[in-house]
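Below is one structure, written out as C-alpha cells, with a few remarks after it.
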Amino acid sequence: MSTLSHRRYVEQCHDSASPNRKVEPSWLEELRQQALARFEATGFPSPREEEWRYTNIAPIERKLLTAAEVPADNAAAPSLLDRCRIADTWSLVFVDGVFAPEWSYRDALPQGLILDSLYSMLEADPGWLEAHLGRVGVAERHGFIDFNTAFFTDGAVLRLDDGVILEKPIQLLFVSTRSDGRSTLRNLICIGRNAEARVVETHLGAAATGYLGTVVNEILVAENAGFTQYKLQFDGAKAYHFGGSYTRIARDGRYRHHTLSLGGLLVRNEVHAELGRAARTELNGLFLGSGRQHVDNHVRIHHNEPYGTSRVTYRGILKDRSRGIFQGRIVVHPDAQKTDAEMNNRNLLLSEDAEIDTKPQLEIHADDVKCSHGVTVGQLDPTAVFYLESRGIEERAARQMLTYAFAAELVERMQPSGFRDLLLDTLLARFPLAGVCKE
69 MSTLSHRRYV EQCHDSASPN RKVEPSWLEE LRQQALARFE ATGFPSPREE
119 EWRYTNIAPI ERKLLTAAEV PADNAAAPSL LDRCRIADTW SLVFVDGVFA
169 PEWSYRDALP QGLILDSLYS MLEADPGWLE AHLGRVGVAE RHGFIDFNTA
219 FFTDGAVLRL DDGVILEKPI QLLFVSTRSD GRSTLRNLIC IGRNAEARVV
269 ETHLGAAATG YLGTVVNEIL VAENAGFTQY KLQFDGAKAY HFGGSYTRIA
319 RDGRYRHHTL SLGGLLVRNE VHAELGRAAR TELNGLFLGS GRQHVDNHVR
369 IHHNEPYGTS RVTYRGILKD RSRGIFQGRI VVHPDAQKTD AEMNNRNLLL
419 SEDAEIDTKP QLEIHADDVK CSHGVTVGQL DPTAVFYLES RGIEERAARQ
469 MLTYAFAAEL VERMQPSGFR DLLLDTLLAR FPLAGVCKE
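Under this note's numbering, think of the first position of the sequence shown as 69, with each following residue one higher.
Structure, rendered in C-alpha cells:
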C-alpha cells in the first residue's frame, strides 16, 4: 500500500472510530499509537512478504469501510443469529463491531467466570486488563494485527479463575449486517490453572453484503489448564475476513483449536501457538471453497521447551475457480528436546480450475525430537465412484457422498454436539445425499 493509501485508510478509520475511544486510559492510547505508527509505516501485508505470497489483499485497500457507532437495529441480525445459535450455552453477541447485550445470554454464570465486553472490563478492572492486553502474539505481528490494535471498537473478555471447570460452552457471535461496513474486534481469553473451558467463535453475515471483519484473539492457558476453541467462519459471499488466534500455553497446558471456514470471498485464518514444558496442542481445520473464493490458512507452532506435543490436521475441498492455501510451520527451539510434532494437510479438488497451494514446514533446532509432515492433493478416486455406481447410486450422488465423507470424518470428532450437528447440517446442504439411488 502506498503512503497516500496509508493516510487515506487511516483517516477513514479515524473518521468512523467508536465513541468508546474517548474514555480510554493513557496506556491503551499508547498501545494504539504504537500500532498505528507501525501500520502507517508498513500498511497491510503484501504478496512480497513470504507469509503472504499467495494472498493479495488489494481489494480490501480499495474499499471504503466504516465502523458502526451503535448496534444496528436491523431485522436481519436476529434471523442470522437463529441460524447459528447453539443451545445450552452462554453467549456474547457483537453486531457490526459493537456489543449487543440484549442479544447475549449470561444468566447464572458460575462463580469464578467473568464474561463481558472489553469496554465493560475496562471500567470494572482496568489494572488487570492493562496487565494482559497486547501481550500475546507480539513476535508474529504484522499489518492486520497492528490495524486491529489501532482501531478495535470492542471485544470479548473471558476470565476463568483457577480450578474452575465449565460444564457448558460459551459462544461468541460476530454478526455483520452493513454493506461496506467494518468490524474490528479484540478478544482476550485467560484460563486459570487447572481450569477448563470451551468457546465457539462464530462469524456470520448477510449473503449479499460486502464488509470487512477483523477479529484477533489473545489467549493465555495457564499450567495444567485446558482450553478448546471452535471457529465457524460463515461470512457472506462478498465478505472479507481476517481472523487470528494467538495462544500461549504454560506447562502441562492443553489447547485444541478447530477452524471451519465455509464462507467469505477473501479469507485469512491464522492460528499461532507457543508451547511451554510438556504442553500439548491440537489444531484441526476444514475449508470449503467455491466460485471465486480465496481461503488462506496459516498455522505456526513454537515448541519453546521440552516434552511438548503438537498435532495439525487440515483438509480442503475446492471447486469451480476457488483457491485454497495452507501454510503450516512448526518451529522446535534448541531447548525443546523430546518434542513430538505431526502435521498433515489433505486436499480435494473437484474441478480443473480449482487451485491449492500448500506449504508445510519443519524448522528443527534440537536433536532429540520426533517430527513429521505430509501433504496430499488430488481428485475423487474414480474406483470408489465406480464402486458406488455399481451399487445403484448415480454418479453425481456418489461424488457427493465421497466428498461429504471426506469432510465429515474431521467434523464428527468435534464437541459440543450442538456445534457438530450444525456443521454436519451445513455439509449436507453443500453435498446433499437425498435421492442417491437410481430408479
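All C-beta atoms in this analysis are idealised placements derived from N, C-alpha and C, irrespective of residue type, glycine included.
Next on the checklist: Could you tell me the alpha carbon to alpha carbon distance between K299 and L160, rounded to whole angstroms?
Outcome noted: If you number the sequence shown from 1, residue 299 lands on position 231. If you number the sequence shown from 1, residue 160 lands on position 92. Going from the Cα of K299 to the Cα of L160 covers about 15 angstroms.
Next on the checklist: Does E507 come out as helix, strand or coil in the three-state DSSP assignment?
Outcome noted: As a working mapping, residue 507 is identified with position 439 in the sequence shown. Note that E507 has pLDDT 39, beneath the 50 cutoff, so the model's placement of it is unreliable and the number below is only indicative. E507: coil per DSSP, three-state reduction.
Checklist entry - Can you find a C-beta in chain B that's less than 7 angstroms from the C-beta of E286? => result Absent from the structure is chain B; it holds one protein chain and no more.
Checklist entry - Three or more beta-carbon pairs under 8 angstroms between the segment 270 to 277 and the segment 190 to 199, yes or no? => result no
Checklist entry - Name the DSSP beta bridge partners of R397, please? => result The residue labelled residue 397 in the question sits at position 329 within the sequence shown. The partner list for R397 (beta bridge, DSSP) reads R368 and Q429.
Checklist entry - From M411 to L354, what distance separates their C-alpha atoms? => result Your numbering for residue 411 matches position 343 in the sequence shown. Your numbering for residue 354 matches position 286 in the sequence shown. Taking the straight line from one Cα to the other gives about 14 angstroms.
Next on the checklist: DSSP has G344 in a bridge; who is on the other side?
Outcome noted: For this step, residue 344 is matched to residue 276 along the sequence shown. Bridge partners of G344: none, in fact.
Checklist entry - Can you list, in chain order, the stretches of the alpha helix (DSSP H) that have 4 or more residues and sit fully within the segment 93 to 117? => result 94 to 110
Checklist entry - Just checking my contact of V335 with V363 at CB under 8 angstroms: how many whole Å lie between their CB atoms? => result Here residue 335 corresponds to residue number 267 of the sequence shown, with the count starting at 1. Here residue 363 corresponds to residue number 295 of the sequence shown, with the count starting at 1. Contact holds; Cβ gap of about 5 angstroms.
Checklist entry - What's the C-alpha gap between I233 and T270? => result Here residue 233 corresponds to residue number 165 of the sequence shown, with the count starting at 1. Here residue 270 corresponds to residue number 202 of the sequence shown, with the count starting at 1. Spanning the two alpha carbons is a distance of roughly 22 angstroms.
Item to check | Coil, strand or helix - F220 by DSSP | outcome: In the sequence shown, residue 220 corresponds to position 152, counting from 1. F220: coil per DSSP, three-state reduction.
Item to check | Identified DSSP bridge partners for A265 | outcome: Residue mapping note: residue 265 aligns to position 197 of the sequence shown, counting from 1. In DSSP, A265 forms a bridge with F295.
Checklist entry - Cβ of E264 within 7 angstroms of Cβ of G294? => result Taking the first residue of the sequence shown as position 1, residue 264 is located at position 196. Taking the first residue of the sequence shown as position 1, residue 294 is located at position 226. Contact flag set, yes.
Checklist entry - Using the C-alpha atoms, what's the distance from A145 back to D489? => result In the sequence shown, residue 489 corresponds to position 421, counting from 1. In the sequence shown, residue 145 corresponds to position 77, counting from 1. If you take the alpha carbons of D489 and A145, they lie about 22 angstroms apart.
Checklist entry - Based on the DSSP secondary-structure assignment, which residues constitute the bridge partners of Y323? => result As a first step, residue 323 is located in the sequence shown; it is residue number 255 there, counting from the start. Partner(s): F295 and T349.
Checklist entry - Quick one: what's got a C-beta closer than 8 angstroms to L491's C-beta in the same chain, skipping five residues either side? => result On the sequence shown, position 423 is the one that residue 491 refers to. For L491, where only same-chain residues beyond five positions count, the Cβ hits under 8 angstroms are L300, L328, V479 and M482.
Checklist entry - Which term fits E170, buried or exposed, when burial requires 16 or more other beta carbons within 10 angstroms of its beta carbon? => result For this step, residue 170 is matched to residue 102 along the sequence shown. Answer is exposed; the Cβ neighbour count stays below 16.
Next on the checklist: Which residue wins for smallest C-alpha separation from I369, given the options Y375, V380 and Q361?
Outcome noted: Here residue 369 refers to the residue found at position 301 of the sequence shown. Considering only alpha carbons, the answer is V380.
Next on the checklist: When you compare the CB positions of H371 and A404, do they come within less than 7 angstroms of one another, or not?
Outcome noted: Start at 1 with the first residue of the sequence shown, and residue 371 comes out as number 303. Start at 1 with the first residue of the sequence shown, and residue 404 comes out as number 336. Their beta carbons are under 7 angstroms apart, which means H371 touches A404 by this criterion.
Checklist entry - For C439, which beta-bridge partners are listed by DSSP? => result For the purposes of this step, residue 439 is taken as residue 371 along the sequence shown, with counting starting at 1. In the DSSP output, where bridge partners are listed per residue, C439 has A409.
Item to check | Contacting residues, own chain, Cβ-Cβ under 6 angstroms from L288 (five flanking each side not counted) | outcome: Translated into the one-based positions of the sequence shown, residue 288 becomes position 220. Excluding residues within five positions, the ones whose Cβ falls inside 6 angstroms are C258 and R316.
Next on the checklist: Once the 5 residues before and after A422 are set aside, which same chain residues still bring their CB inside 6 angstroms of it?
Outcome noted: Locating residue 422 in the sequence shown gives position 354, where the first residue counts as 1. Excluding residues within five positions, the ones whose Cβ falls inside 6 angstroms are L386, K387 and S390.
Next on the checklist: Helix, strand or coil, according to DSSP, for D150 in the structure here?
Outcome noted: Within the sequence shown, the letter at position 82 stands for residue 150. Of the three classes helix, strand and coil, the one that applies to D150 here is helix, per DSSP.
Item to check | Neighbourhood of H366 by C-beta distance below 6 angstroms, restricted to the same chain and skipping five residues each side | outcome: The sequence position of residue 366 within the sequence shown is 298, counting from 1. E338 and Q395.
Next on the checklist: Taking only three categories from DSSP, how would you classify L448?
Outcome noted: Within the sequence shown, numbered from 1, the residue matching residue 448 stands at position 380. In the structure shown, L448 sits in coil (DSSP, three-state: anything other than H, G, I, E or B).
Next on the checklist: Rounding to the nearest angstrom, what Cα-Cα distance links A307 and L351 in this structure?
Outcome noted: Stepping through the sequence shown from its first residue, residue 307 is reached at position 239. Stepping through the sequence shown from its first residue, residue 351 is reached at position 283. The straight-line gap from Cα to Cα measures roughly 25 angstroms.
Item to check | Opposing strand residues paired with I238 [DSSP bridges] | outcome: Within the sequence shown, numbered from 1, the residue matching residue 238 stands at position 170. Per DSSP, W158 and V267.
Next on the checklist: Which residue wins for smallest C-alpha separation from N285, given the options H325, S247 and Y173?
Outcome noted: Mapped onto the sequence shown, residue 285 falls at position 217. The shortest C-alpha separation from N285 is found at H325.
Item to check | Residue from R116, F112 and E119 whose Cα sits closest to the Cα of E129 | outcome: Position 61 of the sequence shown holds residue 129. Ranking R116, F112 and E119 by Cα distance to E129 puts F112 first.
Item to check | Beta bridge counterpart(s) of I317 as assigned by DSSP | outcome: Working through the sequence shown from its first residue, we reach residue 317 at position 249. Beta-bridge pairing links I317 to V289 and L343.
Next on the checklist: Considering Cα atoms alone, identify which of S94, L496, A290 and E457 is closest to A46.
Outcome noted: Examination of residue 46 is not possible in this model, given that the chain is present from 69 through 507 alone.
Checklist entry - For H362, which of helix, strand or coil comes out of DSSP? => result Stepping through the sequence shown from its first residue, residue 362 is reached at position 294. Strand at H362.
Next on the checklist: Taking only three categories from DSSP, how would you classify L72?
Outcome noted: Within the sequence shown, the letter at position 4 stands for residue 72. Confidence in L72 is poor, its pLDDT being 42 and thus under 50, which makes the residue's placement too unreliable to answer from.
Item to check | Backbone secondary structure at V204 - three-state DSSP | outcome: Along the sequence shown, read from residue 1 onward, the residue named residue 204 stands at position 136. Three-state DSSP puts V204 in coil, outside helix and strand.
Next on the checklist: On the criterion of 16 or more Cβ atoms from any shown chain inside 10 Å, does H309 qualify as buried, or is it exposed?
Outcome noted: As a position in the sequence shown, residue 309 is number 241, starting the count at 1. So H309 ends up on the buried side.
Item to check | Residue burial classification, R100 (beta-carbon count within 10 angstroms, cutoff 16) | outcome: As a position in the sequence shown, residue 100 is number 32, starting the count at 1. Looking at its Cβ environment, which holds 16 or more other Cβ atoms inside 10 Å, R100 is buried.
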